[in-house]
Structure formats: structure tokens, C-alpha cells
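Undergrad: Sending over a structure as C-alpha cells; questions will come in a sec.
Number of protein chains: 2
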Amino acid sequence: MLQLRDLPSKAVLDKFSARYPEADVSAVSSFLHLLRVASDLSLALDACLSQHGLLQGRWWVLILLMREEHGISLPSVLAEKAGVSRATMTGLIDGLERNGLVERIFDKDDRRRVSIRLTAAGQEKLDQVMPDYYTRLRQCMAAVSEEERDLFNGILVKLNAGITAFDASGNRHPDT
Amino acid sequence: MLQLRDLPSKAVLDKFSARYPEADVSAVSSFLHLLRVASDLSLALDACLSQHGLLQGRWWVLILLMREEHGISLPSVLAEKAGVSRATMTGLIDGLERNGLVERIFDKDDRRRVSIRLTAAGQEKLDQVMPDYYTRLRQCMAAVSEEERDLFNGILVKLNAGITAFDASGNRHPDT
DNA sequence: TTGACATAATTAGCTGGCTAATTATAATTC
DNA sequence: GAATTATAATTAGCCAGCTAATTATGTCAA
């Protein structure tokens with residue numbers, strides 16, 4: 001997501017803000033810090049999952065299925081919830097089906113539809129992965145108190161609201 | 001990075017933590033919230049840059065060059081600082097060179113080496129993009145006070161330290 | 001001075017995202 | 001009830017990452 005490893009020093013930020021007076025140095029600094037840490041956490045999660053032969057995309061599908069009453073959902077619904085295109089979901093399901101973790105069930109009444117069901121093997125896989133994931137995550141967050149977590153969430157809510165401000169305005173550009 | 005759009009409700013988290021007692025519900029919740037917001041911020045940044053005909057990878061390269069005294073660096077150094085492989089950096093430089101934003105300068109003394117220089121057009125591009133980026137970011141962070149930013153950074157530092165805990169331990173897995 | 005190793009950049013080929021087009025089926029409307 | 005429109009999933013092809021292999025060059029020690 002953010003690959004940049006060499007975050008700007010105070011000196012660099014000052015240099016840039018001298019040329020670009022619009023810059024809010026502490027905003028830039030916090031923003032980059034956030035992206036850096038989030039990106040590293042995501043990589044750590046990937047590393048954890050890969051020890052179980054999974055990647056994030058497939059893992060989320062298994063979790064979404066487990067959330068359902070009977071472990072069943074539709075590709076279009078899964079795509080929506082997982083935040084990927086339907087085409088990508090087709091690929092994820094292909095992979096999971098190859099490994100026997102989910103199965104396709106063709107609908108007799110509406111032959112356009114296909115249901116996806118978590119198999120026993122899929123549930124077993126989750127039963128291996130989730131305790132490992134939860135244990136690691138618990139340790140990772142151990143140093144952050146409940147109060148800090150609440151504060152943290154509150155700030156994230158504000159940032160999230162600010163994204164509309166980021167998206168809006170500015171509409172130049174042509175070439176490249 | 002994190003595509004998952006359907007974050008777990010309290011009920012879902014409780015259901016999962018009943019099956020997996022290792023789960024720390026508030027930790028999971030904060031973790032996912034962090035990844036979700038960071039991911040959306042990154043997408044907003046992409047949207048901003050694409051209005052200027054850039055993508056994050058190339059944009060970071062321009063910025064890294066601008067940080068240098070004479071706007072000059074080496075592909076290997078840029079790859080290191082940008083956090084991408086050298087092969088990827090070759091591709092990024094190819095694209096930037098095609099658009100005339102950087103140029104390759106072949107070293108006469110050590111013919112393995114190539115220097116990359118920010119061109120005048122590259123600097124102009126930055127002079128268009130950066131004010132737009134800084135303005136949007138300022139607005140996005142406007143609701144977060146300096147105190148909150150400090151607090152936020154402090155928590156990020158703790159989380160970052162916790163990543164080692166996340167990476168460590170657990171070493172099962174075979175197939176798939 | 002030459003053989004082994006080290007270093008720099010690039011190329012080749014893989015993967016998992018994406019969008020757009022396609023296939024199949026259902027629903028609606030004239 | 002035939003034609004149009006809508007919906008579901010898939011296929012085809014693009015792109016930007018990656019690793020591993022390759023090409024080219026330099027360095028050092030016997």
C-alpha cells in the first residue's frame with residue numbers, strides 16, 4: 001500500500017514546506033506514519049497467513065462465509081463485502097475450491113445463481129488459522145491500553161470523515 | 001491493502017471470540033479499523049495523484065529525487081528508499097523517463113552505474129502536484145488537534161513495536 | 001593476470017488485482 | 001409470447017508489483 005520506507009526527516013519536511021507553504025508539517029508526518037504502520041501490519045498479517053497456506057483475499061472469504069448462519073453466501077455478495085470486483089471473487093473462489101475449502105452449489109431454480117459453501121475442510125482451516133492470528137494480534141496490541149484504543153478509534157473516525165475533504169476539490173491535469 | 005469493507009459487528013466479534021477464546025475483541029476491532037482507514041486514505045491519495053497523471057510509485061520517486069541536493073540519485077538507492085525491488089524501480093523509471101520527468105545519465109567511470117536526474121519538467125510536475133496534495137491533506141486532518149496527533153503518533157509507535165510480536169512465534173502449516 | 005566473487009541494472013515470467021466484454025438466464029413489457 | 005432489459009457469473013486481457021535469472025562490469029587475492 002505505502003511502500004515508501006524512507007519517511008521524511010524534520011529537515012526534509014521543513015525544506016518542502018518552505019517551497020510549498022500549503023504544507024502542514026505535523027499533518028504530513030502523522031499521515032505518513034499511519035500509512036507506514038498500517039502497511040507493515042498488513043505485511044505481518046500476510047506473513048502469518050502464508051504459514052497456513054493462505055493469502056488475505058482468500059482468508060477474508062472464508063471468514064465471511066463463517067459469519068453466515070450456514071456458511072453459505074453468493075459470489076456477488078462476497079465480492080461486495082470483501083471489497084473486490086466480482087471477477088476477482090471468481091478467482092478467489094476458484095482457488096479455494098481447488099483446495100477444497102469451499103464448494104460451488106448450483107441453484108436449480110435460478111440457473112444464473114451459484115451458492116458458495118464453506119466445507120468441513122474450510123472450517124478446519126479456520127480453526128487452525130484464527131487462534132494463531134488472534135494470539136499474535138493480542139500480543140501486538142498488548143502495549144496499547146483500552147483508553148488508548150478508544151482514543152485511537154476516535155481519531156480514526158475523524159480521519160475517515162476527513163477523507164471526503166481529501167477526495168473533493170482539485171480537478172486539474174491532462175497528459176502523461 | 002485491506003479490501004474488506006464489511007467490518008465485523010459487535011455480535012459477529014462476540015460469536016468469533018466464543019469459538020476462539022484467544023481473541024481480544026477490542027484489539028481486533030482497532031486493528032481492522034486502522035487498516036480500513038489507512039487503505040481508504042491511500043485510495044484517496046491515488047485519486048488525487050491520478051488527476052495529475054501520476055500513481056503513488058512514480059510520485060514517490062519524484063519526491064525522493066527532489067529531496068536530493070541536485071535532484072540526482074541511483075536506481076538501487078531509490079529502490080531501497082521507496083521500498084520496492086530494483087526490478088520494479090527499473091519499470092517506474094522507464095515510465096517517468098517516457099514522460100520526460102526524469103532522465104538516465106550513464107556513468108563514464110563505472111559503466112554499471114546509471115544516475116537518475118529529475119528534469120525541469122519533473123520539477124514542474126511536482127510544483128503542480130504538491131500544493132494540491134498538501135492542501136487536501138491539511139483539510140483532511142483539520143479536525144485532529146495537535147495533541148491528538150501526538151497521541152496518535154505515540155500509539156502508532158507502540159503498534160509498530162508490536163509488529164515483531166506479530167511476526168514471531170507460530171510456525172505450523174504445510175499444504176495448499 | 002586471471003579466476004572467483006561482488007555489484008548494478010535489466011529482462012523474463014508469475015501473480016492477483018482491475019475493467020470491459022461475454023455468456024447465460026430471468027423478468028418485464030408491448 | 002417475442003423483444004428488450006436486467007442480473008449473475010465468468011472470461012479475456014491489462015497493469016504493477018514480485019522473484020529469479022541474465023548481462024555487464026568492477027574488485028581482489030593467489
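Chains A and B, in that order, give the protein sequences. Here the first sequence stands for residues 1 to 176, numbered as in the working numbering. Here the second sequence stands for residues 1 to 176, numbered as in the working numbering. The beta carbon of each residue, even a glycine, is placed where N, CA and C say it ideally should be.
1) If you measure from the beta carbon of A/GLU69 to each beta carbon in chain B, is any gap under 8 Å?
2) Using the Cβ count rule (16 or more neighbours within 10 Å means buried), how would you classify A/ALA11?
3) Would you check if there are 3 or more beta carbon pairs closer than 8 Å linking the region 60-69 of chain A to the region 136-150 of chain A?
4) Just to confirm the assignment: which complete beta strand (DSSP E) runs, minimum length 3, are found wholly within the region 73-122 of chain A?
5) In whole angstroms, what is the alpha-carbon distance linking A/PRO174 and B/LEU54?
6) Give me the Cα-Cα distance between B/ALA165 and A/CYS140, rounded to the nearest whole angstrom.
7) Can you have a look at A/ARG172 and say buried or exposed, based on whether 16 or more other CB atoms are within 10 angstroms of its CB?
8) Compare the Cα-Cα distances from A/ARG86 to each of A/ASP132, A/GLY57, A/MET130, A/ILE63 and report the closest residue.
9) Keeping to the same chain, check which residues put their C-beta closer than 7 Å to that of A/GLU97; ignore five residues upstream and five downstream.
10) So is A/PHE106 buried or exposed if we call it buried at 16+ other beta carbons inside 10 Å?
11) What's the C-alpha gap between B/LEU34 and A/LEU34?
12) Using the rule of at least 16 other Cβ atoms within 10 Å of the residue's Cβ for burial, across every protein chain shown, is B/ASP94 buried or exposed?
13) So, B/GLY83 versus A/LEU4, is the Cβ gap smaller than 8 Å?
14) I need the DSSP call for A/LEU7, collapsed to helix, strand or coil.
15) How about the region 21-39 of chain A and the region 112-124 of chain A: do they share at least three Cβ pairs that are nearer than 8 Å?
16) Buried or exposed: A/PHE16, going by 16 or more other Cβ atoms within 10 Å of its Cβ?
17) Taking just the CA atoms, how far does B/ASN153 sit from A/ALA44?
18) Under a Cβ-count criterion, where at least 16 other Cβ atoms within 10 Å of its own Cβ denotes burial, should B/VAL37 be classed as buried or exposed?
19) At least one CB of chain A closer than 8 Å to the CB of B/SER76: is that the case?
20) Can you give me the C-alpha to C-alpha distance between A/GLN51 and A/VAL129, rounded to a whole angstrom?
21) Between which two residues does the alpha helix (DSSP H) holding B/ALA38 run?
22) How far does the alpha helix (DSSP H) with A/ALA161 in it reach, from first residue to last?
23) In whole angstroms, give me the CA-to-CA distance for A/TRP59 and A/ASP132.
24) Answer yes or no: does any C-beta atom of chain B fall closer than 8 Å to that of A/GLY162?
25) Any beta carbon from chain A within less than 8 Å of B/PHE31's own beta carbon?
26) B/ARG145 to A/LYS125, Cα distance in whole Å?
27) Using a Cβ-Cβ cut-off of 8 Å, state whether B/SER42 counts as contacting chain A.
28) Does the distance from the C-beta atom of A/LEU156 to that of A/ILE116 stay below 8 Å?
29) Say whether chain B places a C-beta atom closer than 8 Å to the C-beta of A/ARG138.
30) Cβ closer than 7 Å: which chain A residues qualify as neighbours of B/ILE155?
31) Per DSSP, what kind of secondary structure is A/ARG172 in: helix, strand or coil?
32) Given this structure, state the Cα-to-Cα distance separating B/ALA143 from B/PRO75, to the nearest angstrom.
33) Which first and last residues belong to the alpha helix (DSSP H) in which B/LEU62 is found?
TA: Taking the structure as given:
1) Along the first sequence, one-based indexing puts residue 69 of chain A at 69. A/GLU69 does not count as touching chain B.
2) The residue given as residue 11 of chain A occupies position 11 in the first sequence. By the neighbour-count rule (16 or more Cβ atoms within 10 Å), A/ALA11 is not buried but exposed.
3) no
4) 102-106, 114-118
5) Start at 1 with the first residue of the first sequence, and residue 174 of chain A comes out as number 174. Start at 1 with the first residue of the second sequence, and residue 54 of chain B comes out as number 54. Because the pLDDT at A/PRO174 is just 37, under 50, the model does not fix this residue reliably, and the point stays unresolved.
6) As a first step, residue 165 of chain B must be located in the second sequence, where it is residue number 165. As a first step, residue 140 of chain A must be located in the first sequence, where it is residue number 140. Going by the C-alpha atoms only, they are around 5 Å apart.
7) Along the first sequence, read from residue 1 onward, the residue named residue 172 of chain A stands at position 172. Caution is warranted here: a pLDDT of 40 is assigned to A/ARG172, below 50, making its placement in the model unreliable, and the coordinate value is therefore given only provisionally. When all chains shown are included, A/ARG172 counts as exposed.
8) Stepping through the first sequence from its first residue, residue 86 of chain A is reached at position 86. Among A/ASP132, A/GLY57, A/MET130, A/ILE63, the Cα nearest to that of A/ARG86 is on A/GLY57.
9) On the first sequence, position 97 is the one that residue 97 of chain A refers to. Only GLU103, ARG104 meet the Cβ criterion.
10) Sequence index remark: in the first sequence, residue 106 of chain A carries index 106 (1-based). Classification for A/PHE106: exposed.
11) If you number the second sequence from 1, residue 34 of chain B lands on position 34. If you number the first sequence from 1, residue 34 of chain A lands on position 34. The alpha-carbon atoms of B/LEU34 and A/LEU34 are separated by roughly 8 Å.
12) For this step, residue 94 of chain B is matched to residue 94 along the second sequence. By the neighbour-count rule (16 or more Cβ atoms within 10 Å), B/ASP94 is not buried but exposed.
13) Taking the first residue of the second sequence as position 1, residue 83 of chain B is located at position 83. Taking the first residue of the first sequence as position 1, residue 4 of chain A is located at position 4. It is a contact, given that the beta carbons lie within the stated cut-off.
14) If you number the first sequence from 1, residue 7 of chain A lands on position 7. The answer is coil: DSSP assigns A/LEU7 none of H, G, I, E or B.
15) no
16) Indexing the first sequence from 1 puts residue 16 of chain A at position 16. Buried, because 16 or more other Cβ atoms sit within 10 Å of the Cβ of A/PHE16.
17) Position 44 of the first sequence, counted from the start, is the residue given in the question as residue 44 of chain A. Position 153 of the second sequence, counted from the start, is the residue given in the question as residue 153 of chain B. Cα-Cα distance, rounded: 20 Å.
18) As a working mapping, residue 37 of chain B is identified with position 37 in the second sequence. Answer is buried; the Cβ neighbour count reaches 16.
19) On the second sequence, residue 76 of chain B is found 76 positions in, with the first residue counted as 1. It does not: the Cβ of B/SER76 has no partner Cβ on chain A nearer than 8 Å.
20) If you number the first sequence from 1, residue 51 of chain A lands on position 51. If you number the first sequence from 1, residue 129 of chain A lands on position 129. So the alpha carbons of these two residues sit roughly 9 Å apart.
21) Counting from 1 along the second sequence, the entry for residue 38 of chain B is found at position 38. Taken as a continuous stretch (DSSP letters only), the alpha helix (DSSP H) holding B/ALA38 covers 25-50.
22) Along the first sequence, one-based indexing puts residue 161 of chain A at 161. Note, A/ALA161: alpha helix (DSSP H), 146-167.
23) Taking the first sequence and counting its residues from 1, the one referred to as residue 59 of chain A is at position 59. Taking the first sequence and counting its residues from 1, the one referred to as residue 132 of chain A is at position 132. The straight-line gap from Cα to Cα measures roughly 13 Å.
24) Residue 162 of chain A sits at position 162 when you count from the first residue of the first sequence. It does: the Cβ of A/GLY162 has a partner Cβ on chain B nearer than 8 Å.
25) Within the second sequence, numbered from 1, the residue matching residue 31 of chain B stands at position 31. B/PHE31 counts as touching chain A.
26) As a working mapping, residue 145 of chain B is identified with position 145 in the second sequence. As a working mapping, residue 125 of chain A is identified with position 125 in the first sequence. The identity of residue 145 of chain B in the sequence shown is Ser, whereas the question assumes Arg. One C-alpha to the other measures close to 44 Å.
27) For the purposes of this step, residue 42 of chain B is taken as the residue at position 42 of the second sequence. At least one chain A Cβ lies under 8 Å of B/SER42.
28) Walking along the first sequence from the start, residue 156 of chain A turns up at place 156. Walking along the first sequence from the start, residue 116 of chain A turns up at place 116. Not in contact: A/LEU156 and A/ILE116 (Cβ atoms no closer than 8 Å).
29) For this step, residue 138 of chain A is matched to residue 138 along the first sequence. True, the Cβ-Cβ gap to chain B drops below 8 Å.
30) Sequence index remark: in the second sequence, residue 155 of chain B carries index 155 (1-based). VAL144, GLU148, PHE152, listed in chain order.
31) Start at 1 with the first residue of the first sequence, and residue 172 of chain A comes out as number 172. With a pLDDT of only 40 at A/ARG172, under 50, the local geometry of the prediction cannot be trusted, and the value read off the model is given with reservation. A/ARG172: coil per DSSP, three-state reduction.
32) Position 143 of the second sequence, counting from 1, holds the residue named residue 143 of chain B. Position 75 of the second sequence, counting from 1, holds the residue named residue 75 of chain B. The straight-line gap from Cα to Cα measures roughly 39 Å.
33) Residue numbering aside, residue 62 of chain B sits at position 62 when the second sequence is read from its first letter. Run containing B/LEU62: 56-67, per the alpha helix (DSSP H) assignment.
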